[in-house]
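For the sequence shown, counting from 1, position 45 maps to 53 in this note's numbering; every step adds exactly one.
Following: one structure in structure tokens, then a few remarks.
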Amino acid sequence: MFLSNGVKRKKEWWETAFNKDYLTADSYFVSRARTKREISFLLRQTEKIGLARNAKILDLACGYGAHAIALAKHGFRVTGIDTSGYFLKIARKSSKKEKQKAQFNQKDMRNLSYQERFDLIISMYTSFGYFSNERDHQKVLREVSRALKPGGAFILDVNNIARVFIQTVGRGMHDTKDNDGVFVEKQLDPATMRWFLDYSWKERGAQKRSKLSIRIFSLPELRHLMEENGLKIKKVWGYYDGSPYQFDSRRLIILARKI
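Right under this line is the structure:
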């Protein structure tokens, strides 16, 4: 891919990261039990916000479709978007196997091209904060607001910034964990608030690696960004069990409404 001046643009990490290797590394750290908790949380929220069973839901960065397919099973009309052709292929295959009608499209969340189409948009498992250009995060929220119907809801699930600090600052901005032979090295850049994760493992004697870089946002930052783009925070949780958000909560989960 080239810039307007003819210079070849360096790809961002997310353009190549979400492949078979990432799926292997991720499976060691994200259990099926956690995914079930996330889905149960989402279903509870659809009831609390009074979403009709045929309501339209958009899953941003849907990955291999676990949340989208689960919601489709409950009668919602679900569209999942992702940039990873590899993940979308898995999602479509899984949806067909489960006899569901969830749709999966290859799209960039900065340019959704939807206009007041969805009753609910979800962004799960820290799928917000990928981009190196800060303005791109604004673009995402602008597109979310544009794609929501008036009064529509947005659920955003990201890392809790304080939790990230607890995991890294006390260790010199650096932490390493071993999970059954898959190592993850975590580093935090306090100047940019980007969290770098480097997964490494051996597969059939070969060394494998998968790297991620995520911008970590505080609740005040997200509130400001959302309000600038027509979204108002209504509720905040600290985990999928509905526990209140606190300093050391495992997650930061936000329910916002289009205003």
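In this text, a Cβ means the ideal position worked out from N, Cα and C, and glycines have one as well.
As the structure is a prediction and not an experimental result, all values here were calculated from the model.
Open item on the list: What would DSSP say about A69, mapped onto helix, strand or coil?
Closed with: Reading the sequence shown from its first residue, position 61 is the one you call residue 69. In the displayed model, A69 falls within coil according to three-state DSSP, outside both helix and strand.
Open item on the list: To the nearest angstrom, how far is the alpha carbon of N113 from that of E193?
Closed with: Numbered from 1 along the sequence shown, position 105 holds the residue referred to as residue 113. Numbered from 1 along the sequence shown, position 185 holds the residue referred to as residue 193. Distance between the alpha carbons of N113 and E193: 32 Å.
- [ ] Using a Cβ-Cβ cut-off of 8 Å, state whether I130 counts as contacting chain C.
- [x] Here chain C cannot be found, since the structure has a single protein chain.
Task: C-alpha distance - R125 paired with K210, whole-angstrom precision - done: Against the sequence shown, residue 125 aligns to sequence position 117. Against the sequence shown, residue 210 aligns to sequence position 202. Going from the Cα of R125 to the Cα of K210 covers about 45 Å.
- [ ] Could you tell me if D249 is buried or exposed, where buried requires 16 or more neighbouring beta carbons within 10 angstroms of its beta carbon?
- [x] What you label residue 249 is simply residue 241 of the sequence shown in a count that begins at 1. With a threshold of 16 other beta carbon atoms within 10 Å, D249 falls short and is exposed.
Open item on the list: Given this structure, state the Cα-to-Cα distance separating K266 from A161, to the nearest angstrom.
Closed with: Indexing the sequence shown from 1 puts residue 266 at position 258. Indexing the sequence shown from 1 puts residue 161 at position 153. Each residue's alpha carbon lies about 6 Å from the other.
- [ ] Please go through the same chain and pick out, in chain order, the residues whose beta-carbon is closer than 6 Å to the beta-carbon of Q111, but skip the five residues on each side of it.
- [x] The residue given as residue 111 occupies position 103 in the sequence shown. The residues are T87.
Task: In DSSP terms, what R100 is bridged to - done: For the purposes of this step, residue 100 is taken as residue 92 along the sequence shown, with counting starting at 1. R100 is not bridged to any residue.
Task: Proximity of H75 and L50 at Cβ, strictly below 8 Å - done: Along the sequence shown, one-based indexing puts residue 75 at 67. Along the sequence shown, one-based indexing puts residue 50 at 42. Their beta carbons are under 8 Å apart, which means H75 touches L50 by this criterion.
Task: Alpha-carbon spacing of K219 relative to D206, whole angstroms - done: On the sequence shown, residue 219 is found 211 positions in, with the first residue counted as 1. On the sequence shown, residue 206 is found 198 positions in, with the first residue counted as 1. Cα to Cα, K219 sits roughly 5 Å from D206.
Open item on the list: DSSP three-state label for L31, please.
Closed with: Here the question's residue 31 lines up with position 23 in the sequence shown. It is helical.
Task: Rounded C-alpha distance that separates Q195 from F173 - done: What you label residue 195 is simply residue 187 of the sequence shown in a count that begins at 1. What you label residue 173 is simply residue 165 of the sequence shown in a count that begins at 1. Whole-angstrom Cα-Cα distance: 10 Å.
- [ ] Flag this pair as yes or no: are the beta carbons of L149 and I129 separated by less than 8 Å?
- [x] Taking the sequence shown and counting its residues from 1, one reaches residue 149 at position 141. Taking the sequence shown and counting its residues from 1, one reaches residue 129 at position 121. Between L149 and I129, the gap from beta carbon to beta carbon reaches 8 Å or more.
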